[in-house]
Structures are given as C-alpha cells and as structure tokens.
Amino acid sequence: MTSLLIIVVLVLLGIAVWQLTKIFHLTQVGTAADADHSEVANDRDNNVNGYIMFGFLGFIYIFTIICLWKFGHLVLGTPASEHGPQYDNLMAISMALIFFVQVVTQFLLHYFAFKYRGNVNRAAFYYADNDKLEFIWTIIPVIVLAGLILYGLYAWTNIMFLEEDKEDAVYIEVYGKQFNWEVRYAGEDGMLGKANVRFIEGVNTMGVDMSDPNAQDDITSSELHLPKGKQIIFKIRSQDIIHSVYLPHFRVQMNAVPGMVTQFGFTPTVTTAEMREMPEIMNKVANINQIRSAKSAELIAKGESPLDPYEFDYLLLCNKICGQSHYNMQMKVVVEDEADFKAWLAQKKTLGVAVKESKSSDTKQPESVEIPEAPVNQDGAEADSTAVAQIIR
Ligand SMILES: [Cu+2]
1 MTSLLIIVVL VLLGIAVWQL TKIFHLTQVG TAADADHSEV ANDRDNNVNG YIMFGFLGFI
61 YIFTIICLWK FGHLVLGTPA SEHGPQYDNL MAISMALIFF VQVVTQFLLH YFAFKYRGNV
121 NRAAFYYADN DKLEFIWTII PVIVLAGLIL YGLYAWTNIM FLEEDKEDAV YIEVYGKQFN
181 WEVRYAGEDG MLGKANVRFI EGVNTMGVDM SDPNAQDDIT SSELHLPKGK QIIFKIRSQD
241 IIHSVYLPHF RVQMNAVPGM VTQFGFTPTV TTAEMREMPE IMNKVANINQ IRSAKSAELI
301 AKGESPLDPY EFDYLLLCNK ICGQSHYNMQ MKVVVEDEAD FKAWLAQKKT LGVAVKESKS
361 SDTKQPESVE IPEAPVNQDG AEADSTAVAQ IIR
C-alpha cells in the first residue's frame with residue numbers, strides 16, 4: 001500500500017513538473033528575437049539527438065561489459081553429469097551468437113541513426129525496395145537459426161533418449177509436494193511399487209501401494225544419494241500441483257505433474273567430494289564463508305548465535321513457483337562411489353519393514369487415546385458435526 005502511494009505521489013509530481021515547464025516555455029515566447037519557437041527540430045536539435053544515440057550505444061556496451069566482468073563468475077561451473085558438456089555447448093553457442101548479433105546490430109542501428117540525422121539541407125530519399133538486400137537479410141538468419149535448431153534437436157534426442165531396460169540403471173522415484181521432496185529407491189528387484197495419493201498413511205508418506213509385491217523392498221529417503229558413473233532414471237510424481245525437479249549442477253530439469261509420471265535419465269560423473277576439491281567451487285565457498293563470517297561478527301555483537309560455515313553440497317531444487325515456501329523446497333544430493341552408495345542404501349529400512357514396524361508400535365501403545373465414535377441417530381445418520389467435535393474434544 002505504501003509503495004502504491006509513493007508511486008501515485010511520484011506520478012503526480014512528474015505531471016506537476018511537466019506543467020510547470022510548459023508554463024515556463026509560454027513565458028519565454030517573444031523574449032529573444034532570434035529564438036526559434038517553431039516546434040520543428042532544427043540542426044542543433046538533430047545534432048543533439050544524433051550524439052545522444054551514440055551515447056546510448058556506449059551505455060549499452062559499457063553496461064554489458066560491466067555485467068560480464070562483475071557477474072560472469074556466477075554462471076554454473078563444470079557440469080557433473082555425462083550429458084552436461086553437450087548441454088553447456090549448446091548454451092555457449094546460442095549465447096555467443098546472440099552476443100555477436102546484438103553487438104553488430106546495435107552498432108548499425110545507432111550509427112545510422114547518427115549518420116542520417118536530420119539536416120535542413122538534406123531531403124529524405126524514398127527507397128522502395130531492394131530484392132537482393134532483402135534476400136540477404138532473410139537468408140542469413142534462416143540458415144543460422146536452422147543450424148541452431150537442428151543442433152538443438154540433436155542434443156535433445158541425445159539427452160532425452162532413454163535405454164529403458166538397461167540392466168544396471170538405478171530407478172529412483174522423486175516425489176514433489178508443497179513444500180518438500182521425497183525420494184524412493186526401487187530396492188533389490190529394481191522395480192518401483194505402484195503408488196497413489198490415496199494410499200498415503202502414517203509412515204507411507206509417498207502413497208505406495210503396499211499390496212504390490214514390488215513395493216515391499218522399496219526404500220524411501222529424505223536425502224538423495226546417487227552412485228557415480230551409473231545411469232539414474234528418475235520417475236517423477238507430484239502430490240498436489242506442478243513442481244519442477246531441478247538439479248542445476250547436473251543440467252537436469254523436468255516438471256513434476258500431478259496425475260502422471262514424468263522421467264529423466266542421466267549419469268552423474270563427479271562425486272560431492274571431488275566437486276568440493278574443484279578450484280571454482282573452493283573459490284565460491286570461500287566467498288560465501290567470508291560473507292558469513294562478517295554476518296556472524298554482527299550477530300555476535302548483537303548477542304545472537306553465529307552462522308555455521310558453508311560447505312558445498314549438490315541440491316535438488318524446485319523450479320516452479322509453487323507457493324509460499326517454494327524458495328525453500330530443496331533436498332540435499334550426495335554423489336558417491338558405488339560402494340559407498342550401496343553401503344548407505346543397505347543400512348536403510350525397506351518400506352515393507354517400516355510400515356510393519358509402525359503398525360505394530362501403533363497397536364502396542366497402551367496410552368493411545370481412543371477417539372469415541374460419532375453418535376448415531378436412530379435413523380442411522382451421524383449427529384450434527386458440532387456435537388461430534390465436542391465429543392472428540
Ligand atoms: Cu515446488
């Protein structure tokens with residue numbers, strides 16, 4: 001509300017200044033004999049506009065250089081997946097092309113606006129058309145864009161084509177909901193059990209159908225561990241609305257859509273430990289920790305507890321604005337050697353065991369409070385809801 005008021009005040013102030021300058025102009029009429037009040041641009045006006053055009057060109061170039069210099073290091077570094085370099089290549093080619101075209105066309109646009117600025121001694125020449133020129137500036141973008149699209153399609157099929165029944169692929173279900181992720185490993189049989197939102201109950205938070213034999217050895221986790229060098233196949237579901245599975249370091253993104261299963265297959269190539277040793281990551285971490293220690297000093301001065309130092313970890317993020325806590329919808333990802341991955345998975349309980357255990361502990365609890373059944377009227381219908389609420393309370 002305050003910002004709206006500020007905007008309204010600024011607009012009104014602008015209008016007031018504009019009106020004042022108009023009044024000022026009116027008071028100047030006839031004061032100087034040689035003044036030009038014709039409202040038609042003269043050579044001086046045209047020159048000023050011509051040089052402003054050049055100035056603006058300089059502004060665009062300088063702004064671009066400053067941004068590249070200041071923020072260039074923020075782009076994602078070494079990709080941590082097999083298809084990553086190909087993806088980065090496509091990105092680099094597209095960006096280089098855009099950059100080149102932008103530099104050249106902006107120069108031509110502003111240079112010609114300057115060169116052919118208005119001049120009282122020069123009349124505009126009407127130039128109908130030129131087939132040769134039009135052919136050239138049509139065919140060049142056609143060839144360049146066709147090349148880019150063909151290369152893009154080639155990269156797309158390479159990345160998205162999945163050899164589904166590859167023997168040693170690791171099948172992992174990624175389940176998105178407001179506002180966190182859960183993952184489920186296929187277990188020994190390599191088959192994920194069926195799931196449906198209606199089966200969600202107690203520890204079975206992903207709605208796995210426990211009557212499905214394939215579901216018994218499935219393993220759920222709140223941390224995503226991936227073995228290095230193995231093909232990972234994500235089967236992606238959503239509980240509520242559209243989310244998006246986003247693993248920037250692996251160049252992976254796929255939407256999680258309620259009511260359907262989407263998928264993405266990739267192979268991680270760099271373990272978390274190896275990534276932490278990379279100079280670019282070490283630099284970033286050092287930078288973040290510098291900011292953190294400065295912030296910690298402030299906090300300590302205020303008598304609050306300091307921040308923990310940051311350590312690099314891969315992250316699974318949500319890349320669809322899915323609600324209030326979207327910004328915090330993330331999961332830690334650990335890439336490790338296959339032996340470590342297997343050891344980690346082996347110490348996890350299977351879903352069959354976890355569900356059984358939670359059921360037996362439910363029945364054993366002696367202090368569990370029985371909720372009285374809703375009173376039933378003589379005709380069999382439930383009493384009105386307020387009465388039920390009171391009894392439960
Ligand atoms: Cu989300």
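For the sequence shown, the UniProt record's numbering gives the first residue as 1, with consecutive numbering after it. The beta carbon of each residue, even a glycine, is placed where N, CA and C say it ideally should be. None of these values were measured; they are calculated from a predicted model.
P279: member of the alpha helix (DSSP H) spanning 279–301, first to last residue. Bounds of the beta strand (DSSP E) holding R237 are 232–238. By the criterion of a C-beta distance shorter than 7 Å, L192 is surrounded in its chain by Y171, E173, R184, A186, N214, D218, K235, once the five residues flanking it on both sides are discounted.
With contacts defined by Cβ atoms closer than 8 Å, I300 and P309 do not form a contacting pair. With respect to the 8 Å criterion, P227 and F250 are not classified as neighbours on the basis of their beta carbons.
DSSP places C67 within a helical segment (H, G or I) once states are collapsed to three. Just so you know, the alpha carbons of E201 and S325 end up roughly 24 Å apart.
A256: member of the beta strand (DSSP E) spanning 252–256, first to last residue. Fewer than three pairs of CB atoms, one per stretch, sit closer than 8 Å, so the stretch 310–324 makes no contact with the stretch 92–102. The Cβ atoms of Q178 and C67 do not sit closer than 8 Å to each other. In the pairwise beta carbon analysis, the stretch 238–245 is classified as not touching the stretch 138–157: fewer than three pairs are separated by under 8 Å.
With a 10 Å radius around the Cβ and a threshold of 16 neighbouring Cβ atoms, P279 comes out exposed. V335 is a Cβ neighbour of T271, given a cutoff of 8 Å. DSSP links P268 through a beta bridge to S81. Following the DSSP letters along the chain, one finds K22 in no beta strand (DSSP E) but inside the alpha helix (DSSP H) bounded by residues 2–28. Exposed is the label assigned to R122, since fewer than 16 other Cβ atoms lie within 10 Å of its Cβ. Here D337 has P227, K228, T271 as same chain residues with Cβ atoms under 8 Å from its own Cβ, once five neighbours each way along the sequence are excluded. Residue side-chain check: M254 keeps its Cβ at 7 Å or more from all non-hydrogen atoms of ligand 1. For M331, the number of other beta carbons within 10 angstroms of its own is at least 16, and it is reported as buried.
For G259, the Cβ stays outside the 7 Å cut-off from all heavy atoms of ligand 1. C-alpha of L108 to C-alpha of F54: approximately 11 Å in a straight line. With a threshold of 7 Å, the Cβ atom of C67 does not count as near ligand 1, since no heavy atom of the ligand is closer than that.
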